[in-house]
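Participant: Numbering (my numbering), first residue to last: 33 to 170.
Don't be surprised by glycine CBs; every beta carbon is placed ideally from N, CA and C.
My structure is below; once you've seen it, I'll send some questions.
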């Protein structure tokens, strides 16, 4: 494994809650943040860092990704948890952060919406939202 490990959404929330230095980075696109929603850490007096892994609408890899992560997570020894839609882009983000010197870069399994259900809809079977963790839309 080329990063610190995988965490369930519940484990990720607990780590962000219990460790003041932990940072949650949502690597989805601006469109996803706007239309699907984002984790809400206001009850923890924290913000979610919104850093696109791929840019919208181009779909190109965000060349400034590591600089943008560094702006919100300067301590490379502190936990940095990466979240995407279903837990794929966040693996790539955790690997890139690890290669850049972050020692506790984690992937959040299931992502924000989880995999598609039998009707090919997300957000019904797994993920941050389905687990009942705090989130907001808009």
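Using a Cβ-Cβ cut-off of 7 Å (strictly less than) and excluding sequence neighbours within five positions of residue 107, which residues of its own chain qualify?
Facilitator: Excluding sequence neighbours, residue 107 sits near 53.
Participant: Across which residues does DSSP place residue 114 in a beta bridge pair?
Facilitator: Note: residue 114 sits in a beta bridge opposite 57 and 139.
Participant: For residue 49 and residue 111, what's the separation of their Cα atoms in angstroms?
Facilitator: Approximately 12 Å, taken between the alpha carbons.
Participant: Considering only the beta carbon of each residue, do residue 140 and residue 39 sit closer than 8 Å?
Facilitator: Going by C-beta atoms, residue 140 is nearer than 8 Å to residue 39.
Participant: For residue 80, count neighbouring Cβ atoms within 10 angstroms of its own Cβ and tell me buried if that reaches 16, exposed if not.
Facilitator: So residue 80 counts as buried.
Participant: Output needed for residue 37: all residues of its chain with C-beta closer than 8 Å, excluding positions within five of it in sequence on either side, in chain order.
Facilitator: Taken in chain order, the residues that qualify are 138 and 139.
Participant: Given a threshold of 16 other Cβ atoms within 10 Å of its Cβ, counted over all protein chains shown, does residue 164 qualify as buried or as exposed?
Facilitator: Looking at its Cβ environment, which holds fewer than 16 other Cβ atoms inside 10 Å, residue 164 is exposed.
Participant: Apart from the five residues just before and just after residue 42, which ones in its own chain have a Cβ nearer than 8 Å to its Cβ?
Facilitator: Taken in chain order, the residues that qualify are 163 and 165.
Participant: Report the partner residues of residue 167 according to the DSSP bridge assignment.
Facilitator: Paired residue(s): 71.
Participant: Compare the Cα-Cα distances from residue 143 to each of 92, 159, 105 and 78 and report the closest residue.
Facilitator: With distances taken between Cα atoms, residue 143 lies closest to 159.
Participant: I think residue 86 touches residue 77, with their Cβ atoms under 8 Å apart; what is that distance to the nearest whole Å?
Facilitator: That belief does not hold up - the Cβ atoms of residue 86 and residue 77 are roughly 30 Å apart, past 8 Å.
Participant: Which residues in the same chain have their Cβ closer than 7 Å to the Cβ of residue 122, if we skip the five residues on either side of it in sequence?
Facilitator: Correct list, in chain order: 59, 114, 115, 116, 139, 140 and 143.
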